[in-house]
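**Q** To convert, note that position 128 of the sequence shown is 128 in full-length UniProt numbering; the numbers rise steadily by one, no gaps.
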Amino acid sequence: MTRVLVVEDEPQLVRALEINLRARKYEVDSATDGSTALQLASAWPPDAVLLDLGLPDMDGIEVIRRLRSWCKAPILVVSARNTSDEKVEALDSGADDYITKPFSMDELLARLRAATRRTEPGSHAGDSGRVTTKDFTLDLLAKKARRGGEDIRLTPTEWHILEVLARNRGKLVSQRHLLEEVWGPNFRTHGNYLRVYMAQLRRKLEVDPSHPEYLITAPGMGYRFET
Numbered sequence: 001m002t003r004v005l006v007v008e009d010e011p012q013l014v015r016a017l018e019i020n021l022r023a024r025k026y027e028v029d030s031a032t033d034g035s036t037a038l039q040l041a042s043a044w045p046p047d048a049v050l051l052d053l054g055l056p057d058m059d060g061i062e063v064i065r066r067l068r069s070w071c072k073a074p075i076l077v078v079s080a081r082n083t084s085d086e087k088v089e090a091l092d093s094g095a096d097d098y099i100t101k102p103f104s105m106d107e108l109l110a111r112l113r114a115a116t117r118r119t120e121p122g123s124h125a126g127d128s129g130r131v132t133t134k135d136f137t138l139d140l141l142a143k144k145a146r147r148g149g150e151d152i153r154l155t156p157t158e159w160h161i162l163e164v165l166a167r168n169r170g171k172l173v174s175q176r177h178l179l180e181e182v183w184g185p186n187f188r189t190h191g192n193y194l195r196v197y198m199a200q201l202r203r204k205l206e207v208d209p210s211h212p213e214y215l216i217t218a219p220g221m222g223y224r225f226e227t
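(1) Assuming Asp47 and Val4 form a contact by the criterion Cβ under 8 angstroms, report the distance between their Cβ atoms to the nearest whole angstrom.
(2) Go ahead and pull the three-state DSSP assignment for Asp92.
(3) Quick one: grab the DSSP three-state call for Leu172.
(4) Beta-carbon within less than 6 angstroms of Ser79's beta-carbon, same chain only, minus the 5 sequence neighbours each way: which residues are those?
(5) Residues in the same chain with beta-carbon distance under 7 angstroms from Glu89, minus the five sequence neighbours each way, listed in chain order, please.
(6) Mark Ser42 as exposed unless 16 or more other C-beta atoms lie within 10 angstroms of its C-beta, in which case mark it buried.
(7) Please specify which runs of the beta strand (DSSP E), each continuous and at least 3 residues long, are wholly inside the UniProt domain "Response regulatory" (3-116), giving them in chain order.
(8) Could you check where the alpha helix (DSSP H) with Gly191 kicks off and where it finishes?
(9) Residues in the same chain with beta-carbon distance under 8 angstroms from Ile64, minus the five sequence neighbours each way, listed in chain order, please.
(10) Within a Cβ cutoff of 6 angstroms, which residues of the same chain sit near Leu13, ignoring the five residues on either side of it in sequence?
(11) Short of 8 angstroms in beta carbon distance, which residues of its chain neighbour Ala199, apart from the five on each side in sequence? Order them along the chain.
(12) Any idea what DSSP makes of Ile216, helix, strand or coil?
(13) Give the secondary structure of Glu163 by DSSP, where H, G and I count as helix, E and B as strand, and everything else as coil.
(14) Among Leu205, Ile19, Glu226, which has the Cα closest to the Cα of Glu27?
(15) Please list the terminal residues of the continuous beta strand (DSSP E) segment that includes Leu138.
(16) Run through the DSSP bridge pairs and tell me what Phe225 is partnered with.
(17) Going by DSSP, what residues sit across from Lys144 in a beta bridge?
(18) What does a CB cutoff of less than 7 angstroms around Leu141 pick up in its chain, not counting 5 residues either side in sequence?
(19) Using alpha carbons as the reference points, say which of Ile99, Leu108, Gln39 lies closest to Arg24.
(20) Check Thr157 in the structure and name its three-state DSSP category.
Right, here's the structure in full:
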């Protein structure tokens with residue numbers, strides 16, 4: 001069973017999450033503060049974490065940082081904080097996704113399934129460095145994209161962006177992180193660069209660029225590569 005650690009101090013929400021998760025065969029541990037969450041995670045390592053940022057004893061960002069020092073499980077932030085700066089800080093601290101309250105339980109469960117798929121055996125590109133979708137394949141070692149046996153021509157910058165997203169597939173990568181990875185720290189506020197290149201990548205990779213299936217935008221936060 002997939003073990004989920006719920007870190008939330010609203011009793012009604014904790015109860016709702018426990019009922020919905022257990023009904024779908026997840027094993028659930030719950031903590032109402034950061035200290036308890038860290039103790040539970042150490043004693044029974046989770047496969048995924050649902051984390052509120054507004055905890056009574058410490059900020060959720062601190063919980064993310066401490067977990068990330070040793071825990072590789074995906075962390076999905078579930079918070080009422082909705083400013084771009086707060087979302088980006090959570091993602092840059094190590095969160096994999098960010099869901100704003102109030103939220104749809106179906107959406108949260110879908111995000112959780114996507115996050116846990118990313119950590120399942122065989123879900124990574126692995127030593128072969130290959131990522132396969134139903135429409136194209138990526139060879140991360142050879143730095144090639146192919147469709148129907150033919151190469152898809154990508155510029156070095158397009159490939160760099162795609163590679164960062166592919167190596168973190170299923171995970172929300174913040175806009176700031178992408179900009180720093182591809183252009184350097186002096187370009188972390190140049191979001192227009194990413195918008196232009198993401199549009200180009202979608203035209204080359206997506207069947208319907210106006211309704212992308214693989215290169216997903218999370219407004220105000222960043223981008224996610226789905227397979």
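Quick reminder that beta carbons are idealized off the backbone N, C-alpha and C, glycines included. Given the structure is predicted, the values throughout are model-derived calculations rather than measurements.
**A** Let me spell this out:
(1) The beta-carbon separation of Asp47 and Val4, rounded to 7 angstroms, stays under the 8 angstroms limit for a contact.
(2) Three-state result, Asp92: helix.
(3) Correct three-state label for Leu172: coil.
(4) Counting only Cβ-Cβ distances below 6 angstroms, and skipping sequence neighbours, we find Asp52, Leu53.
(5) Its chain contains Ile61 as the residues whose beta carbon lies nearer than 7 angstroms to that of Glu89, once the 5 sequence neighbours on both sides are disregarded; these appear in chain order.
(6) Exposed, since its Cβ has fewer than 16 Cβ neighbours within 10 Å.
(7) You should have 3-7, 27-31, 48-51, 75-79, 97-100.
(8) Per DSSP, Gly191 is one residue of the alpha helix (DSSP H) stretching across 191-205.
(9) Excluding sequence neighbours, Ile64 sits near Leu51, Ile75, Val77, Ala90, Ser93, Gly94, Ala95.
(10) No residues qualify anywhere along the chain.
(11) Taken in chain order, the residues that qualify are Pro209.
(12) DSSP places Ile216 in strand when its eight states are reduced to three.
(13) In the structure shown, Glu163 sits in a helix (DSSP, three-state: H, G or I).
(14) Per the Cα distances, Ile19.
(15) Where Leu138 is concerned, the enclosing beta strand (DSSP E) starts and stops at 137-139.
(16) DSSP lists Leu215 as the bridge partner or partners of Phe225.
(17) Asp139, per the DSSP bridge assignment.
(18) When the five nearest sequence neighbours on each side are left out, the beta carbons in the same chain lying within less than 7 angstroms of the beta carbon of Leu141 are those of Gly129, in order along the chain.
(19) Its Cα nearest to that of Arg24, the residue Leu108 stands out among Ile99, Leu108, Gln39.
(20) In the three-state reduction of the DSSP assignment, Thr157 falls in the helix class.
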